[in-house]
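Residue numbers (our numbering): 431 to 576.
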């Protein structure tokens with residue numbers, strides 16, 4: 431088995447842990463984010479796609495701005511950055527667009543649940559945005575390798 435696909439397998443398992451932790455605790459443990467980052471950096475090195483670092487720096491700057499406006503949490507930004515290191519620059523916009531689209535679907539789902547069932551979640555907890563970030567990250571990393 432190719433090392434790249436073994437790393438993607440590890441990323442998929444880590445992403446599943448991220449989903450569960452974010453849904454039930456609204457917390458993404460730093461150790462899992464570090465695992466994702468190390469795996470993604472390893473994939474970047476194996477793919478010799480060092481140009482993705484430029485995109486990662488740009489995402490970092492935009493993420494700091496969004497965090498300062500309380501639009502995104504710090505954990506979400508760390509996770510976006512961790513996945514972005516393994517994504518080819520030409521897929522970076524797709525990565526962000528998929529996150530936004532899936533985030534919109536997630537928000538609509540939570541809004542619908544709130545309208546139908548009442549207070550499903552505490553609005554101060556926010557949404558489990560690790561789901562759209564993880565799905566988009568895995569999809570775009572796999573597309574970067576294929």
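Each residue gets a CB set at the ideal place from its N, CA and C atoms; glycine is no exception. All of these numbers come straight from a predicted model, not from anything done at the bench.
### Query
Exposed or buried, what is residue 566 when buried is set at 16 or more other beta-carbons lying within 10 Å of its beta-carbon?
buried
### Query
If you pair each beta-carbon of the region 450-461 with each one of the region 487-497, do three or more pairs fall below 8 Å?
no
### Query
Is residue 463 closer than 8 Å to residue 502 when the C-beta atoms are compared?
No, Cβ-Cβ distance for residue 502 and residue 463 is not below 8 Å.
### Query
With a Cβ-Cβ cutoff of 8 Å, do residue 574 and residue 516 count as a contact?
Closer than 8 Å, so yes.
### Query
Hey, how far is the Cα of residue 487 from the Cα of residue 523?
Going from the Cα of residue 487 to the Cα of residue 523 covers about 14 Å.
#### Entry: Backbone secondary structure at residue 545 - three-state DSSP
helix
### Query
What's the C-alpha gap between residue 475 and residue 506?
24 Å
#### Entry: Proximal residues to residue 556 (C-beta, below 8 Å), its chain only, five neighbours per side dropped
For residue 556, same chain residues with a beta-carbon under 8 Å away, outside a window of 5 residues either side, are 456, 503 in chain order.
### Message
I need the DSSP call for residue 452, collapsed to helix, strand or coil.
### Response
helix
### Query
What's the C-alpha gap between residue 562 and residue 478?
Cα to Cα, residue 562 sits roughly 26 Å from residue 478.
### Task
For the region 468-512, list the alpha helix (DSSP H) runs that are entirely contained and at least 4 residues long, ordered along the chain.
482-498
### CB of residue 472 within 8 Å of CB of residue 437, strictly
Closer than 8 Å, so yes.
### Task
Measuring alpha carbon to alpha carbon, tell me which of 482, 564, 547, 521 ends up nearest residue 445.
564
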